[in-house]
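Chemist: For our numbering, add 23 to where a residue sits in the sequence shown, where the first one is 1.
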Amino acid sequence: MRFAILGGLLVALVAPWFITSDSVLAIAIYGFMSAALAVSFNLIFGFTGQLSMFHAASFGVSAYVVTILVTSYGWNFWLAIPCALLLVVVLALFVGTICFRFKLKEFYFAVVTMAFSEVLRLITLNWNSVTNGSLGITVVDKPSLWTPWGSLTFSSGISWYYVTLVLLVVVYIVCQRVLASWIGQCLAAIRLNDLLGETLGIDVFKYKLISFAIGSALAGLVGAFYGFYAGFVEPHYLSIPLGLDIVAMVLLGGVNSLIGPVIGALMLTALPHVIELSAEFRIALYGAILIFVILVMPKGIMGLITSRKNAA
Numbered sequence: 024m025r026f027a028i029l030g031g032l033l034v035a036l037v038a039p040w041f042i043t044s045d046s047v048l049a050i051a052i053y054g055f056m057s058a059a060l061a062v063s064f065n066l067i068f069g070f071t072g073q074l075s076m077f078h079a080a081s082f083g084v085s086a087y088v089v090t091i092l093v094t095s096y097g098w099n100f101w102l103a104i105p106c107a108l109l110l111v112v113v114l115a116l117f118v119g120t121i122c123f124r125f126k127l128k129e130f131y132f133a134v135v136t137m138a139f140s141e142v143l144r145l146i147t148l149n150w151n152s153v154t155n156g157s158l159g160i161t162v163v164d165k166p167s168l169w170t171p172w173g174s175l176t177f178s179s180g181i182s183w184y185y186v187t188l189v190l191l192v193v194v195y196i197v198c199q200r201v202l203a204s205w206i207g208q209c210l211a212a213i214r215l216n217d218l219l220g221e222t223l224g225i226d227v228f229k230y231k232l233i234s235f236a237i238g239s240a241l242a243g244l245v246g247a248f249y250g251f252y253a254g255f256v257e258p259h260y261l262s263i264p265l266g267l268d269i270v271a272m273v274l275l276g277g278v279n280s281l282i283g284p285v286i287g288a289l290m291l292t293a294l295p296h297v298i299e300l301s302a303e304f305r306i307a308l309y310g311a312i313l314i315f316v317i318l319v320m321p322k323g324i325m326g327l328i329t330s331r332k333n334a335a
């Protein structure tokens, strides 16, 4: 599997030089950001067993904070990101503390995190003086990075392609390192059985909160870049449908691996463009895919590949 991942990364590195269509490049860019979102979500969902509907809120809050600091207050883009992530982590710790102190699980955890997410969306929708309400905020500036050869501005499709590819790799490596550490071992025990984890001396509340905060912070990191590539931010970034899209990506790819969400995200990002579906039909397609996956491939694409490999 490691060689397959390295091979895929190598293909991704050289692909822009063979892509002549700007629309295909844009699909790849959105695909990388969606994949980073899905991987960070799977740290909470697949490896901790918590169906969080707060992920889109973490993504959207960060997008808004960075955009407002840069466009309204003249902050440097790279300095605005830590401030946005700090706010996202504080919100995640607040929401997580409430949920985990009351030992909410499964449906109840999903509903409560969805409620908090909706509260934040309504704030962005109605705080017109700051967020411009339903119209959102247009982003004109593009981030730039100083290099020994001069300032590099992320304005072209190819530059954003590599920025978002690096973003995906960073999120993937962070999640991989977390899961390979003692934190990951504790999360594995918690996912199997909370009570078993407690009997083994694991602080279940603490490690669930750590997982929730790290996953939310990584979603916020993606959100910080998303608005500047898209050229605008709007309340939809914090919406429940976006959260469900992330769930669909993870379920399609497989919850028991990190590469599974990447595959699911790339497929679901590209599919509506390949068959030219409207937003309404896209939601219907996602629903049909979810039903199919749950009934036929409950472990997702990676689970199916692994089971067939083991059978062989």
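C-beta: ideal position from N, C-alpha, C; glycine also.
Could you please give the first and the last residue of the uninterrupted beta strand (DSSP E) stretch that includes Gly72?
Modeler: Note, Gly72: premise wrong, no beta strand (DSSP E); not H, not E.
Chemist: Rounded to a whole number of angstroms, what is the C-alpha to C-alpha distance between Phe255 and Leu218?
Modeler: Rounded to whole angstroms, Phe255 to Leu218 spans 45 Å at the Cα level.
Chemist: Classify Lys40 as buried or exposed, calling it buried when 16 or more other Cβ atoms lie within 10 Å of its own Cβ.
Modeler: Sequence check: residue 40 is Trp here, not Lys. Trp40 should be labelled exposed.
Chemist: Going by DSSP, which residues form a beta bridge with Thr170?
Modeler: Answer is Gly173.
Chemist: Compare the beta carbon distance of Ala59 and Val194 with 8 Å and say whether it is the shorter of the two.
Modeler: Taking 8 Å as the Cβ cut-off, Ala59 and Val194 qualify as a contacting pair.
Chemist: Assuming Ala103 and Leu110 make a contact with CB atoms under 8 Å, what is their CB distance in whole Å?
Modeler: No, Ala103 and Leu110 are not in contact; Cβ-Cβ is about 11 Å, not under 8 Å.
Chemist: Helix, strand or coil for Thr222 per DSSP?
Modeler: DSSP places Thr222 in helix when its eight states are reduced to three.
Chemist: Using a Cβ-Cβ cut-off of 6 Å (strictly less than) and excluding sequence neighbours within five positions of Ala86, which residues of its own chain qualify?
Modeler: Around Ala86: Gly246, Tyr249, Gly250, Val256, Tyr260.
Chemist: Looking at Arg214: is its Cβ nearer than 8 Å to the Cβ of Thr71?
Modeler: Contact: yes.
Chemist: What residue from Ile121, Gly277, Ser178 has the CA that sits closest to Ile328's CA?
Modeler: The shortest C-alpha separation from Ile328 is found at Gly277.
Chemist: Which residue wins for smallest C-alpha separation from Leu291, given the options Leu244, Ser280, Gly310, Ala240?
Modeler: Of the candidates Leu244, Ser280, Gly310, Ala240, the one whose C-alpha sits nearest the C-alpha of Leu291 is Gly310.
Chemist: Hey, out of Gly30, Thr90, Arg25, whose CA is closest to Tyr252's CA?
Modeler: Taking only the C-alpha atoms, the option nearest Tyr252 is Thr90.
Chemist: So is Lys229 buried or exposed if we call it buried at 16+ other beta carbons inside 10 Å?
Modeler: Lys229 should be labelled exposed.
Chemist: For Ile28, is the classification buried or exposed, using 16 other Cβ atoms within 10 angstroms of its Cβ as the cut-off for buried?
Modeler: The residue is exposed, with fewer than 16 neighbouring Cβ atoms inside 10 Å.
Chemist: Between which two residues does the alpha helix (DSSP H) carrying Glu129 extend?
Modeler: Glu129 -> alpha helix (DSSP H) spans 129-149.
Chemist: Which complete alpha helix (DSSP H) runs does the stretch 90-126 hold, if anything under 4 residues is left out?
Modeler: Runs found: 100-124.
Chemist: Quick one: what does DSSP say Val270 is sitting in, helix, strand or coil?
Modeler: Helix at Val270.
Chemist: Hey, is Ala211 close to the ligand MG, as in C-beta under 7 Å from one of its heavy atoms?
Modeler: For the structure depicted, the ligand MG is absent and the ligand set is empty, with no information on it obtainable.
Chemist: So, at 7 Å on beta carbons, what are the nonlocal neighbours of Val62 in its own chain, with the 5 sequence-adjacent residues on each side left out?
Modeler: Only Val194, Tyr195, Cys198, Leu281, Pro284, Val285 meet the Cβ criterion.
Chemist: Report the CB separation of Ile67 from Ser57 in whole angstroms; it is logged as a contact under 8 Å.
Modeler: Contact flag wrong, Cβ pair sits at about 16 Å.
Chemist: With Lys231 as the anchor, note down where its alpha helix (DSSP H) starts and where it stops.
Modeler: Run containing Lys231: 227-253, per the alpha helix (DSSP H) assignment.
Chemist: Taking all protein chains shown into account, decide if Phe117 is buried (16 or more other Cβ within 10 angstroms of its Cβ) or exposed.
Modeler: Exposed, by the Cβ-count rule.
Chemist: Measuring only the C-alpha atoms, how far is Ile121 from Leu48?
Modeler: Rounded to the nearest angstrom, the two C-alpha atoms are 42 Å apart.
Chemist: Taking Cβ positions, are Phe64 and Ile324 nearer each other than 8 Å?
Modeler: Result no, Cβ atoms of Phe64 and Ile324 do not sit closer than 8 Å.
Chemist: Should Leu168 go down as buried or exposed, given a rule of 16 or more other Cβ atoms within 10 Å for buried?
Modeler: Under this definition Leu168 is an exposed residue.
Chemist: Measuring straight from C-alpha to C-alpha, what distance separates Gly54 and Asn216?
Modeler: Computed Cα separation, rounded: 34 Å.
Chemist: Within the 8 Å Cβ cut-off, does Ile286 reach chain B?
Modeler: Of the protein chains in this structure there is only one, and it is not chain B.
Chemist: Find the nearest neighbour of Arg144 within the set Gly287, Ile317, Phe315, Pro258, judged by alpha-carbon distance.
Modeler: Measuring from the Cα of Arg144, the nearest candidate turns out to be Pro258.
Chemist: Compute the Euclidean distance between the alpha carbons of Lys339 and Asn279, then round it to the nearest angstrom.
Modeler: Here the chain comprises residues numbered 24 to 335, so residue 339 is not present and cannot be evaluated.
Chemist: Which class does Thr187 belong to by DSSP, given the choice of helix, strand or coil?
Modeler: Here Thr187 sits in helix by DSSP.
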